[in-house]
Structure formats: C-alpha cells, structure tokens
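> Here it is, the structure in full.
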Amino acid sequence: MSEPTLHSHATKTPSEPASERLVVAPAVDIFENQDGYLVLADLPGVDGDAIDVRFEEGELRLAARRDFPGEEGRLGGEFRAAEYRRVFRIPEDVDAAGIEAGFKGGVLSLRLPKSKQAKPRKIAVTAAKA
Amino acid sequence: MFQYFRDPHDPFRTFDLLRARLDQALRDLDENTARPRPIWPRVNLYDRGDTYEVQAEIPGVDEKDLELSATGESLTIKGERKAASLEGYTVHRSERGAFRFARTVALPAKIDVSGVSAALKDGILTVTLPKRPESKPRSITVKAQA
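Structure (structure tokens):
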C-alpha cells in the first residue's frame, strides 16, 4: 500500500468555540489522477452557503455548519445541529488558485488541480551508442 | 469450558483451546471489518401534532435509488448509495463507501399510509406521515367540580 499523498486529519475548532454544536469530522474520499486531486465529503443537511473552504498556509480547511430548526416534538433521534470540520495538508503540487468546489445532494466535491510543472512529463531517453 | 478438562493428560488439549480462541478472534475481526457502518442512515423522529416526521441522513443518495414503504405503524427506507464513477483515479482514502442500506422506523401510533409524502434536500430525506384521526391529539377540557 502506498503512502497517501494528500493527508487529512480531524481537527479541533481553531478559534471560536463551537457553542453546543457537535463538532464532526465528515467522512471523505480522496482520489488522485494525473490532472489533480478530488475530495468528496459527506455534509448532509448543510446549506450550500454555510460551507467555508479556505486555503491557507498549505492547508485546506473545510468548515460547515448544519442548523437544525426546532427540537420541539422530537421523540428520538440520532443526529442534530453540527459543525463539520476537517483539515487537509495539501501537497505542494496543487495549484491553489485553481481549486474548485461544488455541492450536491449533501456531498461536497473539491477539485484540486495540479500545477503545470507537477504534471507528469514524458522524458525522452536517448540511447547512447556503445 | 469443561470439554478441555475431560482428560488432563490429553496433549492436544492446549491446541484445541488455542484453535477455539483463534477462531473466535477471527470471527470478531471479520465482523468488525465487514460492517464499518452499523447504523446507516441515521434517523430522527418528530411528532408534529397531526403528523409524524422522519428525517434520515443520506448524503450522496440519488432519489432514483431510494425506495420507501410505509405500513400503518412503520416506515422502511431502503436504497443504495452508488460510488461516483471515477475512471483513471487512484484512491487515497475511502471513508464514504458505496453500499445498500435499509432501515425501519417504528411509529408510535397508526398513520394514514395513503397520505405519506417525502422530500430530499441536501442529503436529508424528510418523510411526513399523517396520523390517523384516532391518533391525532385531542384537547380535553377539565371541568372543575364544585
């Protein structure tokens, strides 16, 4: 098994306390191809506007808030309001300016293109005559 | 337990015991790895007065891959979360998974099956189940007796 290139780890809230909300590290999938990386994160119940993706100091910080209207009439349950947080250390070959994010069906998708010089190049081999 | 002590001089006693323990350990390991999500989806149940409301967290599930069925006193959510079709990608981390799921929620009182409706938004499924007339709340006036 090869060492993953794009590391991620769950994180504590960096500055402000997250009130009574549960802080959750969302489940993620990380893929890579020759053009870049693709990160998928499960953020059910989050409004698209409540997602904050930041790139600073070589880290991609993902933060999202899930509001939950009214506890009235709750008979039982397994989820409620939450703060989603996760931080990824980005490899140096990512072109930070080109990061794109999309959100559909409760799943956030982040595309991190590789910078041009990091893409694989075909290197011609010149055979030396013996 | 006692079977291992039937013959204290049996030289294979220890091996039998060892094998039994290894088998158990392997069964435990298999159960842990085969079911990484013991509860999926997670659900909430609300009493909204005239209706019950069931919410379920199903990020990444298409409405086409959902199958809901209701009986008078329960709701079953079945479906499949399909993997994104990604060709030519190397997988670095895979926590989300693609799988089939099914969950049944028992309701506290009878519902009107024909009036059940469901909506899916941002990965949360909300099912509204109207109560039958006899299950609806009724306010009871208390008469003070002189």
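Chains A and B, in that order, are what the protein sequence lines are. Residue numbering for the first sequence follows my numbering, starting at 1 and increasing by one per position. Residue numbering for the second sequence follows my numbering, starting at 1 and increasing by one per position. Backbone N, C-alpha and C define an ideal beta-carbon position, used for all residues, glycine too.
#1: For A/ALA41 and B/ARG19, what's the separation of their Cα atoms in angstroms?
#2: When you compare the CB positions of B/LEU120 and B/GLU67, do they come within less than 7 Å of one another, or not?
#3: Does the distance from the C-beta atom of A/LEU75 to that of B/LEU45 stay below 7 Å?
#4: Give the list of continuous beta strand (DSSP E) stretches no shorter than 3 residues that lie fully inside the segment 39 to 65 of chain B.
#5: Under 8 Å, with one C-beta from each stretch per pair, do the segment 22 to 34 of chain A and the segment 91 to 110 of chain B reach the 3-pair mark?
#6: I need the DSSP call for B/GLU95, collapsed to helix, strand or coil.
#7: Taking all protein chains shown into account, decide if B/THR51 is buried (16 or more other Cβ within 10 angstroms of its Cβ) or exposed.
#8: Is the shortest distance between the beta-carbon of B/GLU67 and the beta-carbons of chain A less than 7 Å?
#9: Using the beta-carbon of each residue, which ones in chain A are nearer than 8 Å to B/PRO137?
#10: Could you compute how far the alpha carbon of A/PHE88 sits from the alpha carbon of A/LEU108?
#11: Excluding the 5 residues preceding and the 5 following A/ARG61 in the sequence, name in chain order all residues of the same chain whose CB lies nearer than 6 Å to its CB.
#12: With a cut-off of 7 Å, does the C-beta of A/GLU56 fall near any C-beta of chain B?
#13: For A/GLY106, which residues in the same chain have their Cβ closer than 8 Å to its Cβ, ignoring the five residues on either side in sequence?
#14: Relative to the C-alpha of A/ILE51, which residue among A/ASP67, A/TYR37, A/ALA128, A/GLU57 is closest?
#15: CB B/ASP112 to CB B/PRO130, shorter than 7 Å?
#16: Contact check, B/GLU85 vs B/VAL105 under 8 Å by CB: the rounded distance?
#17: Can you find a C-beta in chain B that's less than 7 Å from the C-beta of A/PHE79?
#18: Nearest by alpha-carbon distance to A/ALA63: which of A/GLU83, A/GLU72, A/PHE79, A/PRO69 is it?
#19: Does the beta carbon of B/PRO130 come closer than 7 Å to any beta carbon on chain A?
#20: Between the Cα of A/ARG111 and those of A/LEU22, A/ASP35, A/ALA25, spot the shortest distance and give me the residue it belongs to.
#21: One question on the structure: do A/VAL23 and A/ARG85 come within less than 7 Å of each other, judged by their Cβ atoms?
#22: By a C-beta neighbour count over all protein chains shown, 10 Å radius and 16 as the cutoff for buried, is B/ALA70 buried or exposed?
#23: When you compare only the Cα positions, how much space is there between B/ILE140 and B/PRO108?
#24: Using a C-beta cutoff of 7 Å, does A/PHE31 count as contacting chain B?
#25: Kindly indicate which three-state DSSP category A/GLU78 falls into: helix, strand or coil?
#26: Let me make sure I understand the geometry here. Which of A/ASP49, A/ARG21, A/ASN33, A/SER115 has the alpha-carbon closest to that of A/PHE103?
#27: Residues in the same chain with beta-carbon distance under 6 Å from B/GLY60, minus the five sequence neighbours each way, listed in chain order, please.
#28: Return the CA-CA distance between A/LYS116 and A/ASP93, expressed in angstroms with no decimal places.
#29: Looking only at its own chain, which residues have a Cβ that is under 6 Å from the Cβ of B/ARG100, when we skip the five neighbours before and after it?
Here's the rundown:
#1: The residue given as residue 41 of chain A occupies position 41 in the first sequence. The residue given as residue 19 of chain B occupies position 19 in the second sequence. Taking the straight line joining both Cα atoms gives about 42 Å.
#2: Position 120 of the second sequence, counting from 1, holds the residue named residue 120 of chain B. Position 67 of the second sequence, counting from 1, holds the residue named residue 67 of chain B. No.
#3: Indexing the first sequence from 1 puts residue 75 of chain A at position 75. Indexing the second sequence from 1 puts residue 45 of chain B at position 45. In contact: A/LEU75 and B/LEU45 (Cβ atoms closer than 7 Å).
#4: 43 to 47, 51 to 57
#5: yes
#6: Locating residue 95 of chain B in the second sequence gives position 95, counting from the first residue. B/GLU95 falls in the coil class under three-state DSSP.
#7: The residue labelled residue 51 of chain B in the question sits at position 51 within the second sequence. Buried, by the Cβ-count rule.
#8: Against the second sequence, residue 67 of chain B aligns to sequence position 67. It does not: the Cβ of B/GLU67 has no partner Cβ on chain A nearer than 7 Å.
#9: Along the second sequence, read from residue 1 onward, the residue named residue 137 of chain B stands at position 137. Near B/PRO137 there are no residues of chain A at all, since even the closest Cβ is about 11 Å away, more than 8 Å.
#10: Taking the first residue of the first sequence as 1, we reach residue 88 of chain A at position 88. Taking the first residue of the first sequence as 1, we reach residue 108 of chain A at position 108. About 14 Å.
#11: As a first step, residue 61 of chain A must be located in the first sequence, where it is residue number 61. For A/ARG61, where only same-chain residues beyond five positions count, the Cβ hits under 6 Å are ARG54, VAL87.
#12: As a working mapping, residue 56 of chain A is identified with position 56 in the first sequence. It does not; no Cβ of chain B falls within 7 Å.
#13: Translated into the one-based positions of the first sequence, residue 106 of chain A becomes position 106. ASP42, LEU43, PRO44, GLY45, VAL46, listed in sequence order.
#14: As a first step, residue 51 of chain A is located in the first sequence; it is residue number 51 there, counting from the start. Measuring from the Cα of A/ILE51, the nearest candidate turns out to be A/ASP67.
#15: As a working note, residue 112 of chain B is residue 112 in the second sequence. As a working note, residue 130 of chain B is residue 130 in the second sequence. Note that the C-beta distance between B/ASP112 and B/PRO130 is below 7 Å.
#16: Translated into positions along the second sequence, residue 85 of chain B becomes position 85. Translated into positions along the second sequence, residue 105 of chain B becomes position 105. In the sequence as presented, Glu is not what sits at residue 85 of chain B; that position holds Ser. So it is not a contact: roughly 31 Å between Cβ atoms.
#17: In the first sequence, the residue the question calls residue 79 of chain A occupies position 79. Closer than 7 Å to some Cβ of chain B, the Cβ of A/PHE79 qualifies, so yes.
#18: For the purposes of this step, residue 63 of chain A is taken as residue 63 along the first sequence, with counting starting at 1. Looking at the Cα atoms, A/GLU83 is the closest of the given residues.
#19: The residue you call residue 130 of chain B lines up with position 130 of the second sequence. No - not a single Cβ of chain A is within 7 Å of the one on B/PRO130.
#20: Numbered from its first residue, the first sequence carries residue 111 of chain A at position 111. The candidate whose alpha carbon is nearest that of A/ARG111 is A/ASP35.
#21: Taking the first sequence and counting its residues from 1, one reaches residue 23 of chain A at position 23. Taking the first sequence and counting its residues from 1, one reaches residue 85 of chain A at position 85. The answer is yes: Cβ separation under 7 Å.
#22: Position 70 of the second sequence, counted from the first residue, corresponds to residue 70 of chain B. The residue in question, B/ALA70, is buried, as its Cβ has 16 or more Cβ neighbours within 10 Å.
#23: For the purposes of this step, residue 140 of chain B is identified with residue 140 of the second sequence, where counting begins at 1. For the purposes of this step, residue 108 of chain B is identified with residue 108 of the second sequence, where counting begins at 1. Whole-angstrom Cα-Cα distance: 20 Å.
#24: Residue 31 of chain A sits at position 31 when you count from the first residue of the first sequence. Interface residue, yes.
#25: Within the first sequence, numbered from 1, the residue matching residue 78 of chain A stands at position 78. Note: A/GLU78 maps to coil in three-state DSSP.
#26: Taking the first residue of the first sequence as 1, we reach residue 103 of chain A at position 103. It is A/ASP49 whose Cα lies nearest to the Cα of A/PHE103.
#27: The count along the second sequence starts at 1 and reaches residue 60 of chain B at position 60. Same-chain partners within the cutoff: ARG81.
#28: Locating residue 116 of chain A in the first sequence gives position 116, counting from the first residue. Locating residue 93 of chain A in the first sequence gives position 93, counting from the first residue. Looking at the two C-alpha atoms, the distance is approximately 9 Å.
#29: On the second sequence, position 100 is the one that residue 100 of chain B refers to. Only GLU80 meet the Cβ criterion.
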